[in-house]
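These notes concern the structure reproduced below.
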Amino acid sequence: MSKYMLIMRGTDESNAAMMASIEEGIAKTRLFIEEMMKAGVLLGAEGLDDPGQGVVVDFSGEVPVVTDGPYGETKELFGGFFLLDVASKQEAVEWAKRVPVAPGAKIEIRRVPGEDEVPQDSTVQG
Numbered sequence: 655m656s657k658y659m660l661i662m663r664g665t666d667e668s669n670a671a672m673m674a675s676i677e678e679g680i681a682k683t684r685l686f687i688e689e690m691m692k693a694g695v696l697l698g699a700e701g702l703d704d705p706g707q708g709v710v711v712d713f714s715g716e717v718p719v720v721t722d723g724p725y726g727e728t729k730e731l732f733g734g735f736f737l738l739d740v741a742s743k744q745e746a747v748e749w750a751k752r753v754p755v756a757p758g759a760k761i762e763i764r765r766v767p768g769e770d771e772v773p774q775d776s777t778v779q780g
């Protein structure tokens, strides 16, 4: 089994469409989560607050600069995720195809490397 993260990415248009029928979207998402739980593949799921409520820490200068709100140049915003433990990337893709999202939204699928795949620093004392 491998861990895969299904990253929900919305645009201004898809987010507005979702907000127009928020109760229906919440109900569909709950059913989807229940299906994943019954299948034994769901490890975690979280949605994120409105990007306008966040802050951005920009490291492009010598000193980090903190600004309010979403990053201005972002066309797609990370809206939340599902973390799955599945047999393959293809199984993650099949689950992603079933995520209840508004038209225009996208789901990015990324594998989470196992602990044994992360490079170990031999100079760090444990």
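With this note's numbering, letter number 83 in the sequence shown gets 737, and the count goes up by one each step, no holes.
Note that CB positions come from ideal geometry on N, CA and C, so glycine has one too.
All values derive from a computational prediction rather than experimental measurement.
Would you please state the rounded distance, in angstroms, between the beta carbons of residue i and residue j? I believe it to be under 8 Å.
{"i": "residue 753", "j": "residue 662", "result": "7 Å"}
{"i": "residue 734", "j": "residue 702", "result": "5 Å"}
Does the beta-carbon of residue i have 16 or more other beta-carbons within 10 angstroms, so that it is buried, or is it exposed?
{"i": "residue 761", "result": "buried"}
{"i": "residue 695", "result": "buried"}
{"i": "residue 755", "result": "buried"}
{"i": "residue 721", "result": "exposed"}
{"i": "residue 622", "result": "As displayed, the chain neither begins before 655 nor continues past 780, which places residue 622 out of reach and without an answer."}
{"i": "residue 706", "result": "exposed"}
{"i": "residue 675", "result": "exposed"}
{"i": "residue 714", "result": "exposed"}
{"i": "residue 742", "result": "exposed"}
Could you check where the beta strand (DSSP E) with residue i kicks off and where it finishes?
{"i": "residue 753", "result": "Residue 753 -> no beta strand (DSSP E), and no H or E assigned at all."}
{"i": "residue 762", "result": "760-766"}
Please return the same chain residues whose Cβ sits closer than 7 Å to the Cβ of residue i, not counting the five positions on each side in sequence.
{"i": "residue 739", "result": "655, 657, 695, 697"}
{"i": "residue 750", "result": "660, 761, 763"}
{"i": "residue 771", "result": "none"}
Using a Cβ-Cβ cutoff of less than 8 Å, which residues in the same chain neighbour residue i once the five nearest sequence positions on both sides are dropped?
{"i": "residue 732", "result": "661, 662, 663, 702"}
**Asked** What are the start and end residues of each continuous alpha helix (DSSP H) run of 4 or more residues lying completely inside the region 659-732, in chain order?
**Response** DSSP runs (the alpha helix (DSSP H)) wholly in the region 659-732: 666-674, 676-693.
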